[in-house]
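FYI, our numbering numbers position 437 of the sequence shown as 1676, with every residue one higher than the one before it.
Even glycine gets a Cβ: it sits at the ideal position worked out from N, Cα and C.
Reading through the structure tokens given below for one structure.
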Amino acid sequence: MMVWSITYHSWPTFVLLLWACLIWMLRVRRHVAMLCSPFILLYGLSLCSLQYVWAMELEPELPRHWGTVSLRQLGLLHAPHPCLRLGAMLLYTLTFWLLLRQSVKDNFSGKKTIASPLLEVTTGESSRRNKSVLAVLGRTVMGCYAKYWIYVCGGMFIMVSFTGKLVGYKIVYMVLFLLCLCLYQVYYSLWRRLLKPFWWLVVAYTMLVLIAIYTFQFEDFPGYWKNFTGFKEQSIVYVGLETFELSELFISILIPGFFLLACILQLHYFHHRFMRITDLEHVTPIHRKKSVPKSEAQRATDGVGVEEENLDTDLGDYQSEDEEVMPSKWGLVMARLVVLFWKFSAILTQVQVFLWRVMELHILKLVAFFITWVALGEPSVMNLVLVVLWAFAMPYPRFRHMASCLSTVWVCIIIVCKMLYQLSIVNPMDYSSTCSVPFPNKTNLERSEILNSTLYKEPIDPANWFGFRKDATVLGYSQNHLLVLMLLVLEATVYRHQAHHYQQHQRSPPPIPALFPHATRDNLDQGLLSFLKYLLNYCFYKFGLEICFLMTVNVIGQRMNFLVIIHSCWLVVILTRRRRSAIAKIWPKYCLFLGLFVFYQYMLCVGMPPALCIDYPWRWNAPVTINSALIKWIYLPDFYSVPNTKDLMADFLLLMCASQQWKVFEDEQKEEWMVLAGENRDEPNPMKDRPINPVPNFINCRCYLDMAKVLVFRYLFWLVLAVVFMTGATRVSFFGLGYLLACFYFLLFGRELLTRSSRSRLMLWDCLIMYNVAVIISKNMLSVLSCVFVEQMQARFCWVIQLFSLACTIKGYYDPKAVGGQDCVLPMEEAGIIWDSICFFFLLLERRVFLSFYFLHVKADLQASARQASRGFELFRASIVKSMRFHKETEQKSLSQLKRSMEHIRAKQRKHRDGQKASDSGEEESPEAGENVKTAKQKKKWWRPWLDHATVLHSGDYYLFESDSEEEDELQSEEQKPPKQSAFQLAYQAWVSNAKMALKDRQRHQERCRASIAPRSQAMGSKRNSILRRVLYRKRRKKRIQGGVTSCRGSWMS
């Protein structure tokens, strides 16, 4: 009906349009449509009949006017192609026939049901299961529509407002939409109470728009509307009432018609469910709801089990019934699909919960960032309010909700003002001002600069200073603020959704804003996954201060102008505090400074209203000339070299990080944060007031996390030195020399530095950090020479450029082609602070490594390695000394033994001679004189020819065969036995390695002891046997000698 009325514009089709709208607005629209179906069909057939008549070739006979009314407005005209027109009408009439057929069918089925109410009592399991599946699917689809159809209506609001030419009635649509969003953001309970009247208002307004646009296309109605409203013809066009061509009319009516349809669907089908879903005061707990997936799956499996049981019991007698009871393949497939669907739904629910939690934690940061980005993209007085709100809302959390509400209202005002400014009734040329060009002696601008200045190049629209301008596409011009509004609404939606979620699960929000509540400091060292979860939870809590330092360096590197010198001063002040507690005391002042500084810089970007035609004082002709490059470097407002507002984005990011760090300083003093996230301490001696190290030893690498810890805490120091070397080597300048000297010093004494006391190690490292910061600040201050006075430096001080590698890294200060042809080449590849920033990052990271408990294990391992190395050398030297002493003692013992043996032999020889002399003196009785003569002769004659070999052998006595075995027994008794292993040594060995290895070592030690004792006992036994043999041999020898001596004496006597 609506399409027919739009396709063929006439008064009869207008009746169809009204008829369709009235049916859609009724709550029992289906019943009413069925009742009206015969009349609708008759009305359509009458229109087709009239068109058939007017399609005949009877132009002279058929009238064209009925009184003063043209029959053309009634749709009675001879079309150029009447068959096509009539065919389209018959096609539309076919839908009316189908509606009547459905009505008759419903009436007949209703009467049949009343006539036989007890024909069918039960249904099969498969049909019940299919119905339950369809019911669940229907509930799911209706739930999705109830949740998300309102977003379709919001999109239709934007489509209706921005499609085609912007006119007054579209602005009203946008005003209604913005009022709804403002009320949703500011006053949620009132928004819920007024939502249904709002939809009725939108439906009524849309019907009014459709009627007005449709009726305005008739011939006499423009005059009627002028008389009715009292507007001029041009004003009526601004409102949106004008005569369209057929294609334009189709679009102008079709889009509001579909929007009306979407609003009516929301009002009659989804509004009640939506209000029940979004009720935060009456939330049904999750455990009271029925678990639909489980019940459906259980029902399906129970049905299958019952059918199998029936098959087993009734197989013999009721085979035909069993075949009916058997589950069909389609039923089993559907049951399996239901189970898979609910599993997928459970996984999807978990993902949604995680994403909602992520948005809850970070949606405010996203809103603040995007609002500031939009405001910096369009510097104006209207956007200045947004910058002020969020510049002070970030460091002061109590103002954030107020900032969101005020931003919503203010953005709505900006959007409406932008749309009003795009109307044709607004002509900027009527109130624009043209500034006169100054004389050359009144300004220091050159001729080319004057022509490109905002004051003099074109007429000035005063609205531009406020943020409004004419644009070809209204949607493209307003899309940034529309996205800001969507984000603000999304922020409120996220917070209310999470409040509903916590009430539904009957638990309070987590005390700590963490993605993974179970990933705490206690289970950080359990594995790599636990570590990653902990890092996602508390990354900024642990490393927020270092991130703020890096953001400050980023601001310096991005801008390189006069104002960032103030950031450099704050960086030096904070770094010289060194201790975290001292930094926390001045951090609130730093956050306040950042907020005021962002506001001040945005004010410089907005500047004075150009419509005043007053140039800035630094552009006046004065003895001291300030050129455009210096104005840009000092960051002064100017109409020629306009300050770049995008540079402030880095400042605002620094403000966001600093504000978050302020909250960290407050949270780290709370007990729950200290328990769940760990302590943030920067004591030079982490083990102060601690008996043991709270973190486990990772040196032995029991898992992948331990390997990563070894790489970071043990070898990161050498990587940092490599980065320091690269920083100095890639920049051949005076500053690079300092990096190289520092690198060589730490390479020379690095291992000793790692084992030093924490205080001295941090002192040296902080000196290197301060040198790095000093280099960054120096390069920023020297940028005035490389960016502003580059030509003078090239002409006179080329050595300074080469010494400090001076080159401008910010575009827009000079023309590169103008300075490229000079003899003094600018070192463009060696300029900038990129490598200094990378070095600063690694230096800060290594400083945190030095302050961690994990580094104590590395330090202990390095100290143990050093002690073991020195101890090994000492043990080697001691073993050499011991070996020399042993050999010396052995020689001394052998010499003393030899001396004792010689003395013993001499004593025995002396004793034997004395006894022999005594026996000879008693047997021989001769005169002394004769004896003396005889002795003298015998001394002269020393050889005895009568002695033969046998005589010499028989002349040996038993003393020649006496052994020194007692001395050998003494030496053997002095040999040390193998040392025994004590119980403490066994326990220590088990603690160092393990119990099994310790027991094996003890067994091997005992076997060695037994092996060393056995040869000694065998040697003692063999020695004892040899001694006995010698004693027996001596006795036999003595008896034999005594017998020979007695026989000799007897023969001599005889």
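(message) Nearest by alpha-carbon distance to W1250: which of F1457, G1349, V1627, V1959 is it?
(response) Of the candidates F1457, G1349, V1627, V1959, the one whose C-alpha sits nearest the C-alpha of W1250 is F1457.
(message) Considering just the uninterrupted stretch of the alpha helix (DSSP H) at F1891, what are its terminal residues?
(response) Per DSSP, F1891 is one residue of the alpha helix (DSSP H) stretching across 1887-1906.
(message) By the three-class DSSP mapping on this structure, what secondary structure does S1675 have?
(response) When DSSP states are grouped into helix, strand and coil, S1675 belongs to the coil group.
(message) So, for L1992: in the same chain, excluding its five sequence neighbours on each side, which residues have a beta-carbon less than 7 Å away from its beta-carbon?
(response) Excluding sequence neighbours, L1992 sits near F1985, R2000, L2003.
(request) Have a look at R2087, V2058, R1596, V1442 and flag the residue whose alpha-carbon is nearest the alpha-carbon of F1782. (result) Of R2087, V2058, R1596, V1442, the residue nearest in Cα terms is R2087.
(message) Restricting to Cα atoms, I'd like to know which of I2049, V1881, V1292 is closest to S1692.
(response) Cα-wise, what sits closest to S1692 is V1881.
(message) Using CA atoms only, rank isn't needed, just tell me which of G1462, S1769, Q1743 is closest to A1758.
(response) Of the listed residues, the one whose Cα sits closest to A1758 is S1769.
(request) Whole angstroms is fine: what's the gap from S1687's alpha carbon to V1963's? (result) Looking at the two C-alpha atoms, the distance is approximately 47 Å.
(message) Using a Cβ distance threshold of 8 Å, determine whether the segment 1401-1415 contacts the segment 1505-1514, with at least three qualifying pairs required.
(response) By the criterion of at least three beta-carbon pairs nearer than 8 Å, the segment 1401-1415 is not in contact with the segment 1505-1514.
(request) List the whole-angstrom C-beta distance separating Y1331 from W1243, where the pair is believed to meet the contact cut-off of C-beta under 8 Å. (result) Indeed they touch by this definition, with Cβ atoms about 5 Å apart.
(request) Can you say whether D1854 is buried or exposed, counting buried as having 16 or more other CB atoms within 10 angstroms of its CB? (result) The residue in question, D1854, is buried, as its Cβ has 16 or more Cβ neighbours within 10 Å.
(request) Going by DSSP, name the residue or residues bridged to T2350. (result) Look at the range of the chain in this structure, 1240 to 2293, and you will see that residue 2350 is not part of it.
(message) Taking only three categories from DSSP, how would you classify I2049?
(response) In the structure shown, I2049 sits in coil (DSSP, three-state: anything other than H, G, I, E or B).
(request) Verify whether the separation of the beta carbon atoms of M1658 and F1498 is less than 9 Å. (result) For M1658 and F1498, no; Cβs fall outside 9 Å.
(request) Please classify M1668: is it buried, with 16 or more other beta-carbons within 10 angstroms of its beta-carbon, or exposed? (result) M1668 is exposed by the Cβ-count criterion.
(message) Just to confirm, is the Cβ distance from V1650 to L1729 under 9 Å?
(response) Going by beta carbons, V1650 and L1729 fall outside the 9 Å limit.
(message) Please identify the residue among Y1780, G1469, G1496, M1888 whose C-alpha is closest to the C-alpha of L1449.
(response) Nearest neighbour of L1449 by Cα position, chosen from Y1780, G1469, G1496, M1888, turns out to be G1496.
(message) Assuming V1837 and V1626 are in contact, meaning their beta carbons sit under 8 Å apart, how far apart are those beta carbons, in whole angstroms?
(response) That belief holds up - the Cβ atoms of V1837 and V1626 are roughly 7 Å apart, short of 8 Å.
(message) Given this structure, state the Cα-to-Cα distance separating M1240 from Y1734, to the nearest angstrom.
(response) Rounded to the nearest angstrom, the two C-alpha atoms are 44 Å apart.
(request) Classify I1931 as helix, strand or coil using the three-state DSSP reduction. (result) Shown here, I1931 sits in coil according to DSSP, grouped into three states, outside any helix or strand.
(request) Could you pull out every residue in the same chain whose Cβ sits closer than 6 Å to the Cβ of I1813, ignoring the five residues on either side in sequence? (result) I1822, listed in sequence order.
(message) Quick check on the DSSP output: the alpha helix (DSSP H) that includes C1844 runs from which residue to which?
(response) Note, C1844: alpha helix (DSSP H), 1819-1845.
(request) If I'm right that L1726 touches V1578 with Cβ under 8 Å, what's the distance once you round it to whole angstroms? (result) No, L1726 and V1578 are not in contact; Cβ-Cβ is about 39 Å, not under 8 Å.
(message) Going by DSSP, what residue range makes up the alpha helix (DSSP H) through C1982?
(response) Its alpha helix (DSSP H) spans residues 1973-1993.
(request) List the whole-angstrom C-beta distance separating Y1390 from F1509, where the pair is believed to meet the contact cut-off of C-beta under 8 Å. (result) Not quite, the Cβ-Cβ distance comes to about 11 Å (not below 8 Å), so this is no contact.
(request) From the DSSP output, read off the bridge partner residues of I1699. (result) I1699 pairs with S1672.
(request) Quick one: give me the first and last residue of the alpha helix (DSSP H) that G1570 is part of. (result) Counting along the chain, the unbroken alpha helix (DSSP H) around G1570 starts and ends at 1568-1616.
(message) Could you check whether F2092 and V1903 sit closer than 9 Å to each other, using their CB atoms as the reference points?
(response) Not a contact, by the Cβ cut-off of 9 Å.
(message) I need the DSSP call for K2127, collapsed to helix, strand or coil.
(response) In this structure, K2127 counts as helix in the three-state DSSP scheme.
(request) State the DSSP-derived secondary structure class of P1461, mapped to helix, strand or coil. (result) If DSSP states are grouped into helix, strand and coil, P1461 belongs with the helices.
(message) Suppose you measure from the CA of Y2076 to the CA of P1933; what does that come to, to the nearest Å?
(response) It is Ser, not Tyr, that sits at residue 2076 in the sequence shown. When rounded, the separation of the alpha-carbon atoms in S2076 and P1933 is 33 Å.
(request) Determine the DSSP secondary structure at C1942, reduced to helix, strand or coil. (result) In the structure shown, C1942 sits in coil (DSSP, three-state: anything other than H, G, I, E or B).
(message) Does M2123 pass the burial test, meaning 16 or more other C-beta atoms within 10 Å, or should it be called exposed?
(response) A residue is called buried when at least 16 other Cβ atoms come within 10 angstroms of its Cβ; M2123 does not meet this threshold and is exposed.
(request) Given a cut-off of 9 Å, decide if S1898 and C1830 are closer than it, judged by their beta-carbon atoms. (result) Cβ distance < 9 Å, so C1830 and S1898 count as in contact.
(request) Measure the beta-carbon distance from L2083 to F1788 and round it to whole angstroms, keeping in mind my assumption that it falls under 8 Å. (result) Yes, L2083 and F1788 are in contact; Cβ-Cβ is about 6 Å, under 8 Å.
(message) Counting C-beta neighbours from all protein chains within 10 Å, is the total for Y1463 16 or more, i.e. buried, or is it exposed?
(response) Classification of Y1463: exposed, given that the 10 Å Cβ count is below 16.
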